[in-house]
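Asks: Sharing a structure here in structure tokens format.
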Amino acid sequence: MSSIPICLKYLTLNNNVVIVIVGALADWVRSKRLLFSFGIIVMIASSLLLFLGTHIVLLVVARGLQGFSASIVWVSGFAFLTSHIDKKNIGWAMGMSSVGMGAGEILGPSIGGVMYEHVGHFAVLGLVCAILGVDITLRLLLVDKLPTDSATTSNNEEEEERPLLQNRQGEQQSTHQDHETSIANKSQRLATINVFSVKLNRDLCASCYAIAINSLIVFSLEAVSRPAFPLTLKHKLTRLDYRQFCIATFRLVDIC
Amino acid sequence: MRYGPRWSSILVFTIGGGGLIGLGFMTRSNTITKVFFVIVIVIIGSCTGTITTIHHIAFGVAMKKEEQAKLVDNRNDSSTGRSFGSLSTAWAVGTCVGPSCAALFLENFNWLVFCISLASLSFMSAIVMVFTWKEWEDPSDDE
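If you read the sequences in order, they're chains Z and R.
In terms of numbering that gives the first Met the number 0, the first sequence is residues 0 to 255.
In terms of numbering that gives the first Met the number 0, the second sequence is residues 0 to 142.
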């Protein structure tokens, strides 16, 4: 039982280290679908290793690989979403991905726990493999939009719309656009901060800070839900473990 | 998405901080406290979920704008993956630091001090958000 926290900690640490590498890889690889699909293949392999492994070393390696694959899927998934969804609908798409994540966190332990108790260890493996199989099929059916194709298409469209003869009104418009571009560039320069002589976007750093604080609050409350909740709900809830009730309540409202 | 993440983040962090302070005072085992406990947990959970979604959306819109600007300039040095990697790293840092901080506070102090410390983090984040995301364009205005 003492090895379980070690496995979880190893998963988290591995996740932290790999995310940075995966982010750079997502920019370097032209096809985001390829990286996306690679992540799910690694997830299938790590799940099989986790279910079929019997030695503690295998379990730790499997959890590390799960962290690695989760990092790939999460980062490349967002990069894929950003490159394929237009600006008008990206808020809706991001929101739906958050809903999916939250729903998975609620349904996964519930369904997995019931299946493990009533059907057995390998039934859960079968369910996991079935879900991952459907997932990888859907990802292989995705139409990938490569960066050079997008650039060529947008340049061709701009060429078609540009007037052949530029009159005085066109000159005034181009002057106005140059002025707007210079204002945008100036505001962009002002919105950067220097960290160890590296220029970072202030707003994006603020979002990272907000996410880090949010995550700290969520996981610190989850960590203390078993030993430190002072309420004596467990005396009333005879069938259901009060810790699970608290966690389930917390997670249920997190997806709302 | 219409108004940007600034004011909604400030509001949500402030409400979440208030909820965390309220959670610190719920130490009795009567029915009223249990009902308020559930209500406060609902509030805190809603706030944390809202913050995550708001900033993921803001990040996505900002990355999309940057990507389109680079396409116009005919540049192929996209940094979307690295940026989302940094956002995911921020989340992962919280998963590591959160439980450690919780253990530290609960071993050396009590439940109320723990909740107040989390609330102060939340209020501090609300203050930080005042100075960020000042410029925001509604993405649906590009039609």
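We put the CB at the ideal spot given by N, CA and C, even for glycine.
#1: List the residues of chain R whose Cβ lies closer than 7 Å to the Cβ of residue 99 of chain Z, in chain order.
#2: Buried or exposed for residue 213 of chain Z, going by 16 or more other Cβ atoms inside 10 Å?
#3: So does residue 78 of chain Z have its beta carbon nearer than 7 Å to some heavy atom of the ligand MG?
#4: Determine the chain Z residues that contact residue 50 of chain R at a beta-carbon separation under 7 Å, and present them in chain order.
#5: Alpha carbon to alpha carbon, how far is residue 28 of chain R from residue 80 of chain R? Give it in angstroms, no decimals.
#6: For residue 102 of chain Z, go through chain R and note every residue whose CB falls closer than 7 Å to its CB, in chain order.
#7: For residue 68 of chain Z and residue 98 of chain Z, what's the separation of their Cα atoms in angstroms?
#8: When the cut-off is 8 Å and only beta carbons count, does residue 7 of chain R lie next to chain Z?
#9: Can you tell me which of the three DSSP states residue 123 of chain R falls into?
#10: For residue 105 of chain R, which residues from the same chain have a beta carbon less than 7 Å from its beta carbon, with the 5 sequence-adjacent residues on both sides left out?
#11: Mind checking if residue 56 of chain R is an interface residue toward chain Z, Cβ cutoff 8 Å exclusive?
#12: Taking a contact to mean a Cβ-Cβ separation below 8 Å, would you say residue 134 of chain Z touches residue 39 of chain Z in this structure?
#13: If we require 4 or more residues per run, which alpha helix (DSSP H) segments fall completely within the segment 79–137 of chain R?
#14: Taking the alpha carbon of residue 211 of chain Z as the point to measure from, which residue in R:60, R:42, R:91 and R:39 has its own alpha carbon closest?
#15: Would you check if the distance between the CB atom of residue 94 of chain Z and the CB atom of residue 43 of chain R is smaller than 8 Å?
#16: Would you say residue 108 of chain R lies against chain Z (beta-carbon separation less than 8 Å)?
#17: Step through the CB atoms of chain Z and report whether any lies within less than 8 Å of the CB of residue 129 of chain R.
#18: Below 9 Å between beta carbons is the criterion; list the residues of the segment 83–108 of chain R that meet it against any residue of chain Z, in chain order.
#19: So, residue 97 of chain R versus residue 219 of chain Z, is the Cβ gap smaller than 8 Å?
#20: For residue 46 of chain R and residue 16 of chain R, I'd like the C-alpha separation in whole angstroms.
#21: In terms of alpha-carbon separation, which member of R:20, R:7 and R:33 lies closest to residue 49 of chain R?
#22: List, in order along the chain, the chain Z residues whose C-beta lies closer than 8 Å to that of residue 121 of chain R?
#23: Just to confirm before moving on: does the CB-CB distance between residue 83 of chain R and residue 74 of chain Z stay below 8 Å?
#24: Express the C-alpha separation of residue 37 of chain Z and residue 59 of chain Z in angstroms, rounding to a whole number.
#25: Around the C-beta of residue 120 of chain Z, are 16 or more other C-beta atoms found within 10 angstroms, so that it is buried, or is it exposed?
#26: Using the beta-carbon of each residue, which ones in chain Z are nearer than 8 Å to residue 47 of chain R?
#27: Measure the CB-CB distance between residue 207 of chain Z and residue 86 of chain R and report whether it falls below 8 Å.
#28: DSSP three-state call for residue 258 of chain Z: helix, strand or coil?
#29: Are the C-beta atoms of residue 62 of chain Z and some chain R residue less than 8 Å apart?
#30: Counting only C-beta atoms, is residue 150 of chain Z closer than 8 Å to chain R at any point?
#31: Can you pull out the residues from the segment 8–30 of chain R whose beta carbon lies closer than 9 Å to at least one beta carbon of chain Z?
#32: By the DSSP assignment, the alpha helix (DSSP H) with residue 58 of chain Z in it spans what residues?
#33: Runs of 3 residues minimum, wholly inside the segment 97–133 of chain Z: which ones carry the beta strand (DSSP E) assignment?
#34: Ignore the nearest five residues each way along the sequence and tell me which others in residue 123 of chain Z's own chain have a CB closer than 8 Å to its CB.
#35: Since I believe residue 124 of chain R is in contact with residue 19 of chain R (beta carbons under 8 Å), could you give me their beta-carbon distance rounded to a whole number of angstroms?
Replies: Well, looking at it:
#1: Within chain R, no residue comes near residue 99 of chain Z; the closest Cβ sits about 12 Å away, beyond 7 Å.
#2: Burial call: buried.
#3: By its list of ligands, the structure shown contains no ligand whatsoever, and the ligand MG lies outside what it can speak to.
#4: Those are 209 and 213, listed as they occur along chain Z.
#5: The alpha-carbon atoms of residue 80 of chain R and residue 28 of chain R are separated by roughly 48 Å.
#6: Here the premise fails: no neighbours, minimum Cβ distance about 12 Å.
#7: The alpha-carbon atoms of residue 68 of chain Z and residue 98 of chain Z are separated by roughly 20 Å.
#8: It does not: the Cβ of residue 7 of chain R has no partner Cβ on chain Z nearer than 8 Å.
#9: In this structure, DSSP gives residue 123 of chain R a helical state, which the three-state scheme calls helix.
#10: Beyond the five residues adjoining it in sequence on each side, residue 105 of chain R comes within less than 7 Å, by CB distance, of 113 in the same chain, given in chain order.
#11: True, the Cβ-Cβ gap to chain Z drops below 8 Å.
#12: Closer than 8 Å, so yes.
#13: Qualifying alpha helix (DSSP H) stretches, in chain order: 79–107 and 110–129.
#14: When only C-alpha atoms are compared, the closest one is R:91.
#15: In this structure, residue 43 of chain R does not lie closer than 8 Å to residue 94 of chain Z by Cβ.
#16: Output row for residue 108 of chain R: interface = no.
#17: Answer no: the Cβ-Cβ gap between residue 129 of chain R and chain Z never drops below 8 Å.
#18: Answer set for the segment 83–108 of chain R: 83, 84, 85, 86, 87, 88, 89, 90, 91, 92, 93, 94, 95, 96, 97, 98, 99, 100, 101, 102, 104 and 105.
#19: In contact: residue 97 of chain R and residue 219 of chain Z (Cβ atoms closer than 8 Å).
#20: So the alpha carbons of these two residues sit roughly 9 Å apart.
#21: Ranking the options by Cα distance to residue 49 of chain R, first place goes to R:7.
#22: Ordered by position in chain Z, the residues that pass the 8 Å Cβ test against residue 121 of chain R are 212 and 216.
#23: Remark: C-beta atoms of residue 83 of chain R and residue 74 of chain Z approach each other more closely than 8 Å.
#24: Approximately 21 Å, taken between the alpha carbons.
#25: Classification for residue 120 of chain Z: exposed.
#26: By Cβ distance, chain Z contributes 213, 216, 217 and 253.
#27: Contact flag set, yes.
#28: The displayed coordinates of chain Z run from 0 to 255. Any statement about residue 258 of chain Z would go beyond what the structure contains.
#29: At a cut-off of 8 Å between beta carbons, residue 62 of chain Z makes no contact with chain R.
#30: Residue placement at residue 150 of chain Z is poorly supported in this model, since its pLDDT is 46, which falls under 50; the coordinates still yield a value, given next. Taking Cβ atoms only, chain R reaches closer than 8 Å to residue 150 of chain Z, which makes this a yes.
#31: Identification of residues in the segment 8–30 of chain R having a C-beta nearer than 9 Å to some C-beta of chain Z yields 8, 12, 15, 19, 22, 25, 26, 27 and 28, given in sequence order.
#32: First-last of the alpha helix (DSSP H) with residue 58 of chain Z: 55–83.
#33: The beta strand (DSSP E) runs lying completely inside the segment 97–133 of chain Z and spanning 3 residues or more number zero.
#34: Correct list, in chain order: 50, 111, 114 and 115.
#35: Their Cβ separation, rounded to whole angstroms, is 12 Å, which puts residue 19 of chain R and residue 124 of chain R out of contact at 8 Å.
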